Ligand code: AMP
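In my numbering, the protein residues as written are 656 to 776.
Structure, rendered in structure tokens:
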């Protein structure tokens, strides 16, 4: 799938629409999810045009992959979640339920998060 430069997270990266920023460095931007599903629900996105984790792990340079993964840990620590724990989730493609076609990792925390997946319908 080709990258759509008009997706909502691309617009956030370009500063065209606002976000509630949590963290930013050369590799990543983190901001609060607009519809939080836990007391802490932050999205971490790489600085680069990558549709999904599948795209990112094939196409991104090693330095960006390393910087992005480090940023995940930095954001969690900055939010004070390293003691209590947290969950990372990267919905990927159709079966993963990915809605926004720019790689994003959900960071959930602030309560016991329960079972890993909801029961199948
Ligand atoms: P996914 O289903 O993994 O693609 O999740 C997309 C997430 O992006 C959802 O949790 C939405 O609530 C969130 N979202 C969509 N638009 C925005 C926005 N403008 N700012 C922050 N979060 C957003």
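All C-beta atoms in this analysis are idealised placements derived from N, C-alpha and C, irrespective of residue type, glycine included. Because the structure is a prediction, the values reported are computed rather than measured.
Quiz item: Is the segment 675–686 touching the segment 716–724, taking contact as three or more C-beta pairs under 8 Å?
Solution: Flag = yes, the segment 675–686 and the segment 716–724 touch.
Quiz item: Exposed or buried, which one is residue 764 when buried takes at least 16 other CB atoms within 10 Å?
Solution: Taking all protein chains in view, the Cβ of residue 764 is crowded by 16 or more other Cβ atoms within 10 Å, so the residue is classified as buried.
Self-check item: Bridge partners - residue 658, DSSP secondary structure assignment
Solution: For residue 658, which the question treats as bridged, DSSP gives no partner whatsoever.
Practice problem: Entirely within the segment 658–721 and at least 3 residues each: give me those beta strand (DSSP E) ranges in chain order. | Solution: Qualifying beta strand (DSSP E) stretches, in chain order: 676–679, 683–687 and 695–701.
Quiz prompt | Residue range of the alpha helix (DSSP H) that includes residue 749 | solution = Start and end: 748–751.
Quiz item: Where does residue 730 fall in DSSP's three states?
Solution: Looking at residue 730 - three-state DSSP - the assignment turns out to be helix.
Quiz prompt | residue 739 versus residue 726: straight-line alpha-carbon distance, rounded | solution = Approximately 18 Å between the Cα atoms of the pair.
Exercise. Please confirm whether residue 758 and residue 701 have their CB atoms less than 8 Å apart.
Key: Result yes, Cβ atoms of residue 758 and residue 701 sit closer than 8 Å.
Practice problem: Could you name the residues that DSSP lists as bridge partners for residue 761? | Solution: Residue 761 pairs with 698 and 744.
Quiz item: Beta-carbon separation of residue 677 and residue 730 under 8 Å?
Solution: Taking the C-beta atoms as reference points, residue 730 is found nearer than 8 Å to residue 677.
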